[in-house]
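Worksheet: the structure to be examined is printed underneath.
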Amino acid sequence: MTRYTLAVLPGDGIGPEVTAEALKVLRATAELFGYRIDAQEYAVGAAGVAEAGDSLPERTRCAVTQADAVLLGAVGDPALAAAEGKRRPEAGLLALRKLLGAYANLRPVRVHPSLAHASPLRPERLAGVDLLIVRELTGGLYYGEPRALGRESAVNTLRYTVREIERVARVAFQAAVERRGSLTSVDKANVLEVSQLWRATVTRIGAEEFPAVTLEHLYVDFAAMRLVAEPARIDVLLTENLFGDILSDEAAVLTGSLGLLPSASLGDGPGLFEPVHGSAPDIAGRGVANPIGAILSAAMLLRYGLELPEAADSVEQAVTAALAAGRRSADIAREGEPVLGTRAVGDEIARLVLLGKGRTVPELR
Ligand code: IPM
Ligand code: MN
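Be aware that the sequence shown starts at 1133, since it is given in our numbering, and climbs by one per residue.
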């Protein structure tokens, strides 16, 4: 029996609640497809600070580099908002991405037809929305040196090398080849030199290596507008770290809830899989968080981390079936509909995975 070693980093806030459900669903696929999962938990973020005074403790560093894949919940704690250095929860996440060399962050945005009511956009704008954001994850302003906060001024540095742009562009072009063949690269080339280099490099990689992909360049302000005005026109959207952070939250609300969005961060080492939503301290510990972002991240872990596409399909189909049958958490429930807690949503999706083919569930009404 094939065995896979997972490092599970529940993290902070709702992280532990949603990763527990993702793990439950992963175990269901293991039973269905006949493989074994060895999952061990390690601390990150504020949980790491509590355990070892470090948002990415040494024990966690060792484990993630040796794992087949890393499943993460969320990082962030308002109590540590003013913390500095290794005691900043977010610093642990950034260090983790760097340690794994996870330079390409894939954030797929799909609108489930049964959730159109939860989206702020009119249903006709939502028809056909199926896009993939490819966000550069280990460069740009997040990591640039020098950086400093002074009393009268502060500085951050935006720098990208050609090599950094090339490698993430290849991931995005390849995704476009496997999807609808079109790539939208987003920058601010009318103002920033870094964006001019970005644009020239993406254009060259396209011409040399992916001539069949249709490439367009948009300025980031226009792209922000396109995302809400005509989201269905976008197939793959490639952009740098900070723009990608902002645009992916914007794209997420199209689906009806930030709680639905998964992500995969891929690169040199084991992949890192985490929902896009944060630690949501306001609802943490109450069992009401939507675990679907984490569960779909587990599906991405199966697809990209363990190369088990059938298992990944089974999870995605189970999520679609659960949503269609009205098994929903508070953030996406319709008026008057029964509201399920975090655990009940996870149980339902795990059950649907185990049902295997022919999964239909009666309406809950
Ligand atoms: C995300 C988050 C992180 C980021 C934070 C928590 C550092 O917002 O994954 O989008 O900005 O990358
Ligand atoms: Mn973000």
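Don't be surprised by glycine CBs; every beta carbon is placed ideally from N, CA and C. Remember, predicted model here, so these are calculated numbers, not experimental data.
- With contact defined as three or more Cβ pairs closer than 8 Å, the stretch 1343-1361 and the stretch 1372-1380 are in contact.
- Below 8 Å, enough C-beta pairs join the stretch 1459-1476 and the stretch 1401-1420 to call them touching: three or more.
- The residue from Leu1253, Leu1155, Tyr1235 with its alpha-carbon nearest to that of Arg1168 is Leu1155.
- No heavy atom of ligand 2 is found nearer than 7 Å to the CB of Asp1479.
- By the neighbour-count definition (other C-beta atoms within 10 Å, threshold 16), Ser1397 is a buried residue.
- The nearest non-hydrogen atom of ligand 2 is 7 Å or more from the C-beta of Asp1170.
- Nearest in C-alpha terms to Lys1230, of all of Glu1268, Val1140, Ala1383, is Glu1268.
- Near ligand 1, meaning a beta-carbon closer than 5 Å to one of its heavy atoms, we find Glu1222, Asp1377.
- By the Cβ neighbour-count rule, Arg1283 is exposed, with fewer than 16 other Cβ atoms within 10 Å of its own.
- Taking a C-beta distance under 8 Å as the contact criterion, Leu1390 and His1409 qualify as a contact pair.
- Going by C-alpha positions, Ala1443 is about 21 Å away from Asn1422.
- Look at Asp1186: its beta carbon is at least 7 Å from all of the heavy atoms in ligand 2.
- Rounded to whole angstroms, Tyr1235 and Gly1468 show a C-alpha spacing of 43 Å.
- In this structure, Leu1486 lies near Ala1160, with their beta-carbon atoms less than 8 Å apart.
- One thing to note: Ile1366 has its Cβ within 8 Å of the Cβ of Thr1316.
- Within 7 Å of the C-beta of Asp1381 there is at least one heavy atom belonging to ligand 2.
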